[in-house]
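Participant: What follows is a structure written as structure tokens; I'll ask about it next.
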Amino acid sequence: MDLLALPPNLRVLLGTSLLGCVAGVIGSLAVLRRRSLTGDMVAHAAMPGLCLAYLVAYELGIGRDRPAYFLLLMSGAALTGLIGSALVTFLTRWTRTRQDAAIGIVLSTFFGAFVVLLSYIRYLPGAHVAGVDQYIFGQAATLLTADVWFIAGVLLVSIVTLAICFKELKTYSFDADFAHSLGWPTLSIDLGMMAALCLVTVVGLPLVGILMAGMIIIPCAAARFWTYRFGPLLVISGAIGAATGVFATLVSAEYFVRWFGFDPLAFGYNRKALPTGPVIILSGAAIFLASVLFAPRRGVLARLIALLRLRSRTATENLLRALYELGESQLPRLAPHQLEEIQQHRRWNRGQLTWALRRATWAGWIERNADAIQLTASGHQRAAEVTRIHRLWELFLISGARIAPDHVDRDADSIEHVLTPNIVGQLEAMLAESGRLPRTAATPPQSPHVLTGGNDPVGTLSPGGG
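Numbering (my numbering), first residue to last: 11 to 476.
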């Protein structure tokens, strides 16, 4: 495929998607190392290099239409970006300066130098300051075929390097001290990661501008809501970065309106003045917000649903245990109990009690006749299981944590609903070995304290109790 024959918008689409992919992958390493703001620092530190390189081109008479012009500006940006990264490393390793303070010092100093140099360039005769201004917000429309191939090469080298050094980078990203104890050259790894971050930032300046930091941070931040594993995190980060580039390009180039029939940003006739760089960041922010809300395990809605389910299950299990304890002295007979009696047995929130009654009825665990509530056979079995887990934890707190018997009920009430079968089995084995569990595991042990509502501790239960 000859990229020279492609329309400009398609070249921009390829360039922004490839840049987003490589920025997401390399940025993940920085985020995991808690160096998210390093990309922002590099973007600001590269700006004085652009100005200095522009001054060199101005003195040598190198115009913007010559290939050496772009190469010279990128070299200057990369040089000062690397110097800024080296200064941060020096300040954090060999002085008492914290990393966030070191980044702030370098960022503000280099950006101040950029403003001074830019002001100087404005007053040079014949100088075109627009050649430098475009790197502040980016100008993706100026992307050339060579730029697309260069970004693709950076992505390819990054993927190959990650594949070769996957184990080392994974270990260093999560535990640098452990990697150092293995004898690995952690300083070289750190400098290599910083150099890769500088390279990606400098490459992205013509497209995204000084906002390149967002393209480095946002994909990984969004991907962490979708996975806990290192490998999938890199893949998802790259995919999110590429998606932001594609979406932003489609919006900026009016393809989104043409294909889908509406304008997501409602810019209308001012669309021609809409820069691609900021739209890329806004697109990434939208994906991040969607990840925060809708991620299946770590998203806000998923956590809210899980919390509501836990509260519902907790209230239902508390109701079953209350019914079991109220009728424990009458077993194996399943006696009905009045709603007022249940309310006096423990403190209830009216809404929680109402929902617990409905949920237990739907599950077939209780039968209601007016205000009389009675456990069914399956409900009695479930109630006995809940009560057994509760009392096992109480016995563990008394024998293992040395907590007084009259203080264990509330602690057990808060933890019994999240105990896994494996933990329950370990509790049973531990208590049986110590002689604290003389009965079979099929029935609840004796309550170690006076039950709420005035019931005395009961003795042996019938096997039919669960």
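Glycine included, every Cβ here is placed at the ideal spot set by N, Cα and C. Nothing here was measured: the structure is a model prediction, and the numbers come from that model.
Beta-carbon separation of G37 and I250 under 8 Å?
Facilitator: For G37 and I250, no; Cβs fall outside 8 Å.
Participant: How many Å lie between W397 and R45 at the Cα?
Facilitator: Reading off the sequence shown, one finds Thr at residue 397, where the question assumed Trp. Taking the straight line joining both Cα atoms gives about 49 Å.
Participant: Using the three-state DSSP reduction, which class does N328 fall into: helix, strand or coil?
Facilitator: The answer is helix: DSSP assigns N328 an H, G or I state.
Participant: Would you tell me roughly how many angstroms separate the C-alpha atoms of L81 and V41, rounded to the nearest one?
Facilitator: Rounded to the nearest angstrom, the two C-alpha atoms are 29 Å apart.
Participant: Is the beta carbon of A370 less than 8 Å from the beta carbon of L330?
Facilitator: Against a cut-off of 8 Å, the Cβ pair of L330 and A370 comes out as a contact.
Participant: Grab me the residues of W358's own chain with a C-beta within less than 6 Å of its C-beta, minus the 5 sequence neighbours each way, in chain order.
Facilitator: None.
Participant: Could you tell me whether the Cβ atoms of P288 and F147 are closer together than 8 Å?
Facilitator: Going by C-beta atoms, P288 is nearer than 8 Å to F147.
Participant: What are the boundary residues of the alpha helix (DSSP H) that N19 is part of?
Facilitator: First-last of the alpha helix (DSSP H) with N19: 18–42.
Participant: Buried or exposed: A253, going by 16 or more other Cβ atoms within 10 Å of its Cβ?
Facilitator: The residue is buried, with at least 16 neighbouring Cβ atoms inside 10 Å.
Participant: If you follow the alpha helix (DSSP H) that E377 is part of, which residue opens it and which one closes it?
Facilitator: First-last for E377: 376–379, but that is the beta strand (DSSP E), not the alpha helix (DSSP H).
Participant: Going by beta carbon distance, what residues of the same chain come within less than 7 Å of L39, once the five residues before and after it are set aside?
Facilitator: L179, S183, M203.
Participant: Any contact of the stretch 419–436 with the stretch 397–410, i.e. 3+ C-beta pairs under 8 Å?
Facilitator: With the cut-off at 8 Å, the stretch 419–436 and the stretch 397–410 touch.
Participant: With the cut-off set at 8 Å, would you say L89 and Y64 are in Cβ contact?
Facilitator: It is not a contact, given that the beta carbons lie outside the stated cut-off.
Participant: Just grab the DSSP bridge partners of H347 for me.
Facilitator: Paired residue(s): I383.
Participant: For N359, name the three-state secondary structure that DSSP assigns.
Facilitator: If DSSP states are grouped into helix, strand and coil, N359 belongs with coil.
Participant: When DSSP labels each residue in this structure, what does A411 get in the three-state scheme?
Facilitator: Three-state DSSP puts A411 in coil, outside helix and strand.
Participant: Have a look at V218 and G122 and give me their C-alpha separation to the nearest angstrom.
Facilitator: Cα-Cα distance, rounded: 20 Å.
Participant: With H, G and I counted as helix, E and B as strand and the rest as coil, what does DSSP make of L471?
Facilitator: Because the pLDDT of L471 is 31, which lies under 50, any placement of that residue in the model is unreliable, and the number read from its coordinates should be weighed accordingly. Reduced to three states, the DSSP call for L471 is coil.
Participant: Taking C-alpha atoms, which residue in H54, N19, Q391, C208 lies nearest to A152?
Facilitator: Per the sequence shown, residue 152 should be read as Thr rather than Ala. Considering only alpha carbons, the answer is N19.
Participant: To which residues of the same chain is T162 closer than 6 Å at the C-beta, ignoring the five residues directly before and after it?
Facilitator: It is worth fixing the name first, because residue 162 is Ala in this sequence and not Thr. Contacts found: L28.
Participant: Is I425 helix, strand or coil by DSSP?
Facilitator: The answer is helix: DSSP assigns I425 an H, G or I state.
Participant: Closest to L197 by C-alpha separation, out of L209, A186, A206, would be which residue?
Facilitator: Cα-wise, what sits closest to L197 is A186.
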